[in-house]
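Participant:
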Amino acid sequence: MLFRYLTKYLNQMNSLFKALNDATRRQIVELLKDKDMNAGEIAEQFNISKPSISHHLDLLKRADLITSEKKGQFVEYSLNTSILEDLINWILTLKN
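Take the sequence shown: its position 27, counting from 1, is numbered 27 in full-length UniProt numbering, and each next residue is one higher.
1. Please state whether DSSP places Phe46 in a helix, a strand or coil.
2. Pull up the distance between the alpha-carbon of Arg26 and that of Leu10, whole angstroms please.
3. Are the Cβ atoms of Tyr77 and Asp22 separated by less than 8 Å?
4. Which residue comes first and which comes last in the beta strand (DSSP E) that contains Lys70?
5. If you follow the alpha helix (DSSP H) that Asn89 is in, where does it begin and where does it stop?
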């Protein structure tokens, strides 16, 4: 049981670090820190294609860094702060 939990936790951390390994995805996280946004609003902040933004959003969602909620005809993205708290707590355990 513990091994399964540990494996899941390590896989989640790997996804998290992979997602944060890209400057565009880090910028998206920074944008969502200030307010929830839809994909179009996020895309306006970058000089890359909308499909590329969708790909970045998908990787961030798979890493649980962001969540999405359909609101009318738009999907609104939000920062998932609980996963960031988990990451900070894990990093702090390395200090000891």
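Quick reminder that beta carbons are idealized off the backbone N, C-alpha and C, glycines included.
These figures come from a predicted structure and were not determined experimentally.
Facilitator: Answer, in terms of the structure:
1. Three-state DSSP puts Phe46 in coil, outside helix and strand.
2. So the two alpha carbons sit approximately 21 Å from each other.
3. No.
4. Membership of Lys70 in the beta strand (DSSP E) is indicated by the continuous run Ile66 to Lys71.
5. Secondary structure note for Asn89: its alpha helix (DSSP H) is the uninterrupted segment Thr81 to Lys95.
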